[in-house]
Each structure stands twice: as C-alpha cells, then as structure tokens.
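What follows is a set of notes on a single structure, which appears directly below.
There are 2 protein chains.
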Amino acid sequence: MLNFSFVNPTQIHFGEQQILEIKHSIPKGAKVLVVYGGGSIRKNGIYEQVVAALSDFTWGEFAGIEPNPSYQTCMRAVELIQTQHYDFILAVGGGSVIDGCKFIAAAALFDGEPWDILAEGAQINKALPIGVVLTLPATGSESNSFSVISNIDTQDKLPFASGLVQPQFAVLDPNVMQSLPKRQLTNGVVDAFVHIMEQYLTYPVDAKVQDRFAEGLLLTLIEEGPKVLKEEASYQTRANVMWSATMALNGLIGAGVPQDWSTHMIGHEITALYGLDHAQTLAIILPRMMAEQQHEKREKLLQYAERVFNLDTTEPDKAISDAILLTEQFFQQLNMLTRFSDHGLGEEVAPQVCAQLERHGMVALGEQQAVTLEKSKRILLASV
Amino acid sequence: MLNFSFVNPTQIHFGEQQILEIKHSIPKGAKVLVVYGGGSIRKNGIYEQVVAALSDFTWGEFAGIEPNPSYQTCMRAVELIQTQHYDFILAVGGGSVIDGCKFIAAAALFDGEPWDILAEGAQINKALPIGVVLTLPATGSESNSFSVISNIDTQDKLPFASGLVQPQFAVLDPNVMQSLPKRQLTNGVVDAFVHIMEQYLTYPVDAKVQDRFAEGLLLTLIEEGPKVLKEEASYQTRANVMWSATMALNGLIGAGVPQDWSTHMIGHEITALYGLDHAQTLAIILPRMMAEQQHEKREKLLQYAERVFNLDTTEPDKAISDAILLTEQFFQQLNMLTRFSDHGLGEEVAPQVCAQLERHGMVALGEQQAVTLEKSKRILLASV
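This is the structure we're talking about:
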C-alpha cells in the first residue's frame, strides 16, 4: 500500500424520498441557482420534487448544460450568477451537469480568464458551494473533486480538480433511474466499471482492502448491470448500481494504490473529435488497452481473472485473454458497441487521435508511463 | 438496501512518516493537550515524533488513560483542560485513549453533570476538536463518533455517540504496530473482525456493495491477522490490518444495512464485571451468538460460509456449523481464548451478566430484538 491522505466530505443522502433532504442541507438564506441539462427532469417529476424542497429559499434556474458540458455554456451560467448574485449552486443531473457546475462554481469567483483553469491548470482559491441531486449514476462526480469540460471551438476536452468544488452534499434516490433511457443506463454502468478498472488494474502494491473493494464493485456491476436495463428492474438493483457508481470514484478505492487513467485520456480525445459518448469510447479502448498492457499488468490481470470471473489461472495466458474477452462481452451484454467500426469509424482514428494526444502532452500514459504514442496508436488500430 | 445518510469527515493520513502531518492539521494557534495512556509511547519513539510535530504549538500533556477508560480518569483531564484553557485535544493511543478523549472533549464544554452524557444520553451541543495519532488498530474510534466509558465505582460500561466528537484527522502509521505486545495485536484483529460481523451478519437487504466490502475486510483479516502477530511481519501486513480495522467501523459498511451489536452489549457487561479485555469477551460470545441466532441469520450465515470460507453450501446446516467453527478457530489461531473457563470463570457468569443486562435495559438485543434475556443466558452458559 502506498502512503495516502483521504477524506470524502460529501454528505450522501441515499434512498427513496431523499430529495426533500436538500432543504436541510442548503445553508439558510442562500440564493440558489438550480442548474440542469436538457430538461428531462421536467418530464420525470424530479423538477417538481426539487421545487417543493426549495420552498424556503430564493432561487432561479439555468437549463441547457449539454452532455460533455461546454466551456461556452458554462460561461453563460457564470454570467447569470455574477449579475444575479447567486451564492449556492444546486446541480440536478448526471456527471455532465455536475462537472459543468464545478467549473461554473470556480469560474464565477475566479480572478482572471476562467479558461486558464482548464488550459493552464490555474490555481483556484475559492468557489461557490455546490449541492447535487443525482439523476444518472455513472461518473461519481457527485462526491469527488474532478470535472471535465469541453471547448466547442477548439475541440479540447480537459479535466481539472479542486477540493473547493467537491459537492457539499449529494442526494441519491435510485427511483430517478426509472425514467432514464437505456443508453444512459448502459453508459453509466460502463463508465463506473472502467473507473474501477483504472484504479485496480495496475501493478500490485499489496493493498488488500482496496483490491477487495474494487473487486466487490466490479462483481456488483457484473451482477446488477444487465438487470438494471430491464423495464422491470427492482429498486434494489437500481440502488446497487447507483451506490457502486458513486463508490467507484469517490477516492476510496484509489487511495494508496497506483492509478492508470490511460483509457480515459484516449477516450476524451475520441469524444472531442467524433462526438461518441464518453462511456462508448471507454468500452472501445479498454479491452485493447488490457491486451496491449498485459505484460505490465500481468499480476493484476490474473487476480482479476480469478476473483472477478472465477477463471482457472493454471494456464495464465489463457486466463488473461479469457478475462479480456469476458470484459468486452460484459459491455456487449449491456448493448454497448465495442468497436470503432460499429460507429462507422475506421483506421483514420489512429493518427487523428494520436495527434490530439500529442497536442495535449499525453505521450506517455498509464501508471508506469508505458503507454507511449506508438502503443496508443496500436491500441486504436486494434480497436477498429 | 435501506435508506441512509453517510459522511465521514475525518481526514486520514496513512503511511510511513505521516505523524509529522499533524503540524498542518491542527489549527494554527491552538493550545494542544496531548492525551495518552500508560506511557508505552515514551518507549517506542512515538512520543518523540509527536513532540517534534508540535514544535510550533503551545501544548501540555495528560497521561494515564487506562484500558476501558474510566469516567474518573477522564474527569481529571477535564479539570486540567478547564483550568489551563486547552482548546484542542490530540489523542495519542488506541481505542481506549481515543474513546476517553471523546468523552473529555464533550465533558469539558458540557453544562451540567457530565455523567449524564453516558447514563442519561444527555444531548451534547459542543465539544473540543480532536485529532488522533493511532497507536493500535482495533476499534475504528479514530474515524467514528462512538465512545464507551466505564465507571469504576458502579461497574457500568456505557456508550455514547456524537458527530461533535468525531476526530478531525487521524494519523495511521503502520510502523507504530512494530512495538505492540502480541496480546494487543490479537485483541485488535478480533475486535475489528467482530465489528464487521455485527454489521454484516444480520438479515439480507440486498445491499450488494456493503456485503462485498464487509466480506473483503473479513477475508483480509483472515489472511493478514495471523501474519501480523509474527515478529517478521511486513509493513504491508501491518498496513492491511490497520486499514481494515479503520474501515471496519467508520460508518461505510454499516450504511444502508441492519446492524446487530448484541455480542458487544453482552461483552461490555463481561468486561465491567470481570475485567476481561474487550476483544476477549467478543471472541467468547460471538461463536455462541452465531449458533443461537442461526435461524434468524440463516441466509447471511450461508453467504458468509460460501464467500468468506469458500464452503460448499449444498448441505446448509453443515455449512453453517462449519462456518461458526472456522470463526472460533480463526480466533484461536490468533492465540485468543474463546471460553469463559479459559479465564477461570464458570456458570456463575450467566446470571450475573444477565442481571447487568437487565439493569441496563438490554432485554432484547440484536437487529431483530430476538436476543432476549433468556437467549443471552443460554449463550453465556454455552460459552463456559
């Protein structure tokens, strides 16, 4: 186990009828800006629950945060906050809305050009407080300090992180998943699964608790993921998927272990260039990343094969290739496409994505910086 | 899964050389009272590390918090705080020191008779802030809000809990375990194991993440517990035991599931009456509690048998009795005595402990209130 410091200060309110809890969690007297996405919350009853919970507050709203939230849209919300003097942001949505709100919270109080937070890693010294009503389990953004923002003009998709933008509370009511389109549920399960893999599938540091927790989350998603796509999915299945997705990226399983994130870095470039959903890019890249890195990650791949897929590891090479295959089949079982060609893309992606990686300085990815541009290109070509 | 609200605000600093971190974690200008136990920290180098880290602070010390911290000793620390105006408590020790400091932190600012906090459940509205340097992994007290205090005069051992006394930070350096007596290491592993069982072995609520996490911690303690007792134990073994003990009782695995705690309630009375170590009482009671409650806990016992001990459950009754036996054998493998008679006690314990349970209103224990006084008596008699 490596040294680490860890705390997760986000108060989680989990379960049915918990949206009302926000009335106790937002500071009294706050002027609240409710921020959401394309408006689905106005059709599924979540908006009404939020409005009821805000009856004691002065509040306004900003709609239209898009998937892969854009700098341009976020800056319109920043302007609204600055002119109307909102002092609390309530994000009602999934990872895109929450990521957008984190940037908005930082940009609204930033001295200087907010784009520098993303492009230059400029230091944030203050941010508006954020609360979350989660409508789509996937990214874990509801209880972490990370955000990824896209610039429509420049085709950049860039991350930033700050403890100052970590939500103060997050409401997780599994019932909100009932009205979600299947594509979003699929994306959510795959995204959470790959988040776990990025923190688990590295090299062993004898971190037994972290490994067991990661494996427990993977097993839960494998059991519950396919069930959650069905109309008749139970509350408990939804609850298990929702809690897994939050635990997948709240800092706990990644504390004291190496982390990879190379699949995500390549995935971000694919979304920026071709508009594929974030999770779609991960499902394409991860199986080939595992194959390409199977020597560097051999020990953990064998542990994964044995503990997650219950494979016999007496023939290690076969166990590893079976585990990779089962991973891709799990994605497919969720109706996720796992090849560029499924999306009408071909070998042209390899040089184009590599050029973007190079432009963003991502020439050696992964926990051991072993994923060179050349390897990224091989992974991309193998994924067509 | 049941509804829950969860946050754990204790900042964990985990690893080698982390004791120095306290200099950044204690508020500037604080007047710090360092509270510790019998003085072992003055022999193993921890005291010197703490002194070095406090060089920028005004500080004093209070030694002598005993195992099963007493109300009487704690009140002497309260007097010192009140006369010397300390405003930050640094607990350097294991569960007893930390539990004592929680009571001290609350009692020092309490309007009224502090004993009422324990005896009457009197409401706490403020408490001094606490930081922890953990010297013995066991109770999880370093990152939770619970405390158990004994009254020497009345033979009471009573719990209280308040978010106000949860430590603000805790330093976990596995190297501190090197100098621990084996008995304390054994106690720590057993205590942590039973904490997990009290939150796991109830009835199923389809909380897959919590179950997998609990099982992961149990598996880690079974693998690493016996190794940690050896002189040549590795840093990583110590780290895995230490992190397991913290995760065992920091609120996470108990969020959204029923909880039992009947073994603890009976155990507290045994310690109060006969002076057995806390963990010794748990190791005696748990196996008989499992046997007595095997119908109420049947489903989870089978899951435990299968996932933790890899037992074949086609003959369920055999699997359950084997799992109970393996649990007791695990304790014995840690050189833990598991019978009253091993401590020179006999059948007299049953009426005496039951009289104490009755006096404290504990006439129906467990997640289903199924452990009546009659059953407690049977458990005690079977444990002789």
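Same order as they appear, the protein sequences are chains A and B.
In terms of our numbering, the numbers along the first sequence are unbroken and rise by one, the last being 384.
In terms of our numbering, the numbers along the second sequence are unbroken and rise by one, the last being 1384.
Ideal Cβ positions, reconstructed from N, Cα and C, are used throughout, including at glycine.
Exercise for the section: Flag this pair as yes or no: are the beta carbons of Ile-320(A) and Leu-345(A) separated by less than 8 Å? Expected result: Counting from 1 along the first sequence, the entry for residue 320(A) is found at position 320. Counting from 1 along the first sequence, the entry for residue 345(A) is found at position 345. For Ile-320(A) and Leu-345(A), no; Cβs fall outside 8 Å.
Practice task
Flag this pair as yes or no: are the beta carbons of Phe-1446(B) and Ala-1323(B) separated by less than 8 Å?
Solution key: In the structure as shown, chain B starts at 1001 and stops at 1384, and residue 1446(B) therefore has no counterpart that could be examined.
Exercise for the section: Would you decide whether Gln-1178(B) is buried or exposed? Buried here means 16 or more other CB atoms lie within 10 Å of its CB. Expected result: Working through the second sequence from its first residue, we reach residue 1178(B) at position 178. Exposed is the call here.
Problem - Rounded Cβ spacing between Pro-1226(B) and Leu-1334(B) (contact assumed at less than 8 Å) - result: Reading the second sequence from its first residue, position 226 is the one you call residue 1226(B). Reading the second sequence from its first residue, position 334 is the one you call residue 1334(B). Indeed they touch by this definition, with Cβ atoms about 6 Å apart.
Practice task
Leaving out five residues on either side along the sequence, give the residues of the same chain with a beta carbon under 7 Å from the beta carbon of Ala-108(A).
Solution key: Counting from 1 along the first sequence, the entry for residue 108(A) is found at position 108. Answer for Ala-108(A): Val-78, Ile-81, Gln-82, Leu-128, listed in chain order.
Problem - Stretch-stretch touch, CB-based, cutoff 8 Å, three pairs: the segment 228-245 of chain A with the segment 136-154 of chain A - result: With the cut-off at 8 Å, the segment 228-245 of chain A and the segment 136-154 of chain A touch.
Handout entry: 8 Å Cβ cutoff, Val-1165(B) in contact with chain A
Key = Within the second sequence, residue 1165(B) is the residue found at index 165, counting from 1. No - not a single Cβ of chain A is within 8 Å of the one on Val-1165(B).
Handout entry: Listed by chain order, chain B residues near His-13(A) by CB distance under 9 Å
Key = For this step, residue 13(A) is matched to residue 13 along the first sequence. Contact of His-13(A) with chain B by beta-carbon distance below 9 Å involves Asn-1003, Phe-1004, Ser-1005, Phe-1006.
Problem - Thr-246(A) burial status per 10 Å Cβ neighbour count (16 or more: buried) - result: Along the first sequence, read from residue 1 onward, the residue named residue 246(A) stands at position 246. Here Thr-246(A) is buried. Its C-beta has 16 or more other C-beta atoms within 10 Å.
Practice task
Could you tell me which chain A residues have their CB closer than 9 Å to the CB of Ser-1244(B), listed as they occur along the chain?
Solution key: Indexing the second sequence from 1 puts residue 1244(B) at position 244. For Ser-1244(B), the chain A residues whose C-beta falls within less than 9 Å of its own C-beta are Lys-208, Val-209, listed in chain order.
Handout entry: Where the beta strand (DSSP E) containing Gln-11(A) begins and where it ends
Key = One-based indexing of the first sequence puts residue 11(A) at position 11. DSSP places Gln-11(A) inside the beta strand (DSSP E), whose first and last residues are 4-14.
Problem - C-alpha distance - Asp-1206(B) paired with Gly-131(A), whole-angstrom precision - result: Here residue 1206(B) refers to the residue found at position 206 of the second sequence. Here residue 131(A) refers to the residue found at position 131 of the first sequence. Our two residues, Asp-1206(B) and Gly-131(A), have alpha carbons roughly 28 Å apart in a direct line.
Problem - Selected residue, minimal CA-CA separation from Glu-66(A), among Leu-273(A), Phe-88(A), Gly-38(A), Glu-198(A) - result: Counting from 1 along the first sequence, the entry for residue 66(A) is found at position 66. If we check each option's Cα against that of Glu-66(A), Gly-38(A) comes out closest.
Practice task
Grab me the residues of Glu-1061(B)'s own chain with a C-beta within less than 8 Å of its C-beta, minus the 5 sequence neighbours each way, in chain order.
Solution key: The sequence position of residue 1061(B) within the second sequence is 61, counting from 1. Leu-1033, Val-1034, Val-1035, Tyr-1036, listed in sequence order.
Practice task
Would you please verify whether the beta carbon of Met-177(A) is less than 8 Å from any beta carbon of chain B?
Solution key: Here residue 177(A) refers to the residue found at position 177 of the first sequence. With a threshold of 8 Å between beta carbons, Met-177(A) makes no contact with chain B.
Problem - Best match in Gln-1369(B), Lys-1208(B), Val-1190(B), Glu-1223(B) for proximity to Ile-1284(B) [C-alpha to C-alpha] - result: Residue mapping note: residue 1284(B) aligns to position 284 of the second sequence, counting from 1. Minimum Cα distance to Ile-1284(B) is reached at Val-1190(B).
Practice task
Output yes if chain A places a C-beta closer than 8 Å to the C-beta of Pro-1009(B); else output no.
Solution key: Numbered from its first residue, the second sequence carries residue 1009(B) at position 9. With respect to chain A, the C-beta atom of Pro-1009(B) has a partner C-beta closer than 8 Å.
Exercise for the section: Please state whether DSSP places Glu-215(A) in a helix, a strand or coil. Expected result: For the purposes of this step, residue 215(A) is identified with residue 215 of the first sequence, where counting begins at 1. Helix at Glu-215(A).
Exercise for the section: Can you grab the Cα-Cα spacing for the pair Gly-267(A) / Ala-1305(B), in whole Å? Expected result: By one-based count along the first sequence, residue 267(A) stands at place 267. By one-based count along the second sequence, residue 1305(B) stands at place 305. Going from the Cα of Gly-267(A) to the Cα of Ala-1305(B) covers about 41 Å.
Practice task
Using the DSSP secondary-structure output, state which residues sit across from Asn-1151(B) in a beta bridge.
Solution key: In the second sequence, the residue the question calls residue 1151(B) occupies position 151. Asn-1151(B) pairs with Asp-1156(B).
Problem - Residue of His-13(A), Asn-8(A), Ser-70(A) minimising C-alpha distance to Gly-1256(B) - result: For the purposes of this step, residue 1256(B) is taken as residue 256 along the second sequence, with counting starting at 1. When only C-alpha atoms are compared, the closest one is His-13(A).
Practice task
From the DSSP output, read off the bridge partner residues of Ser-1070(B).
Solution key: For the purposes of this step, residue 1070(B) is taken as the residue at position 70 of the second sequence. BP columns for Ser-1070(B) point to Ser-1150(B).
Problem - Euclidean distance between Cα positions of Phe-1160(B) and Glu-1269(B) - result: One-based indexing of the second sequence puts residue 1160(B) at position 160. One-based indexing of the second sequence puts residue 1269(B) at position 269. It is roughly 16 Å from the alpha-carbon of Phe-1160(B) to the alpha-carbon of Glu-1269(B).
Handout entry: Length of the line joining the Cα atoms of Ser-1143(B) and Gly-1093(B)
Key = Counted from its first residue, the second sequence places residue 1143(B) at position 143. Counted from its first residue, the second sequence places residue 1093(B) at position 93. Distance from the CA atom of Ser-1143(B) to the CA atom of Gly-1093(B), rounded to whole angstroms, is 13 Å.
Handout entry: Contact with chain B by Asn-125(A), beta-carbon distance below 8 Å
Key = Position 125 of the first sequence, counting from 1, holds the residue named residue 125(A). No, its Cβ sits nowhere closer than 8 Å to a Cβ of chain B.
Problem - Beta-carbon spacing of Glu-231(A), Pro-287(A) below 8 Å - result: Numbered from its first residue, the first sequence carries residue 231(A) at position 231. Numbered from its first residue, the first sequence carries residue 287(A) at position 287. No.
Handout entry: Paired residues, beta bridge with Lys-31(A) - DSSP
Key = Numbered from its first residue, the first sequence carries residue 31(A) at position 31. According to DSSP, Lys-31(A) shares a beta bridge with Thr-58(A).
Practice task
Verify the CB distance criterion: does Ala-1239(B) have a CB-CB separation below 8 Å to chain A?
Solution key: Stepping through the second sequence from its first residue, residue 1239(B) is reached at position 239. Ala-1239(B) counts as touching chain A.
Problem - For Arg-42(A), the nearest candidate out of Glu-120(A), Ile-22(A), His-195(A), Ala-63(A) (CA to CA) - result: Locating residue 42(A) in the first sequence gives position 42, counting from the first residue. Distance check between Arg-42(A) and each of Glu-120(A), Ile-22(A), His-195(A), Ala-63(A) places Ala-63(A) closest, using alpha-carbon atoms only.
Exercise for the section: Would you kindly report the start and end of the unbroken alpha helix (DSSP H) that includes Phe-1340(B)? Expected result: Reading the second sequence from its first residue, position 340 is the one you call residue 1340(B). Annotation for Phe-1340(B): no alpha helix (DSSP H) segment contains it, and DSSP assigns it neither H nor E.
Exercise for the section: List the DSSP bridge partners of Ile-1089(B). Expected result: To locate residue 1089(B), count along the second sequence from 1; it is residue 89. Per DSSP, Leu-1033(B), Ile-1130(B).
Problem - C-beta neighbour in chain A for Glu-1223(B), strict 8 Å - result: The count along the second sequence starts at 1 and reaches residue 1223(B) at position 223. True, the Cβ-Cβ gap to chain A drops below 8 Å.
Exercise for the section: Between the Cα of Thr-1186(B) and those of Asp-1277(B), Phe-1169(B), Pro-1258(B), Asn-1151(B), spot the shortest distance and give me the residue it belongs to. Expected result: Here residue 1186(B) refers to the residue found at position 186 of the second sequence. If we check each option's Cα against that of Thr-1186(B), Asp-1277(B) comes out closest.
Handout entry: Cβ pair Gln-1368(B), Phe-1169(B) closer than 8 Å
Key = As a working note, residue 1368(B) is residue 368 in the second sequence. As a working note, residue 1169(B) is residue 169 in the second sequence. Cβ atoms of Gln-1368(B) and Phe-1169(B): not closer than 8 Å.
Practice task
State buried or exposed for Ile-1152(B), treating a residue as buried only when at least 16 other CB atoms are found within 10 Å of its CB.
Solution key: For this step, residue 1152(B) is matched to residue 152 along the second sequence. So Ile-1152(B) counts as exposed.
Problem - Alpha carbon of Thr-1281(B) to alpha carbon of Thr-1073(B), nearest angstrom - result: Residue numbering aside, residue 1281(B) sits at position 281 when the second sequence is read from its first letter. Residue numbering aside, residue 1073(B) sits at position 73 when the second sequence is read from its first letter. When rounded, the distance between both Cα atoms is 23 Å.
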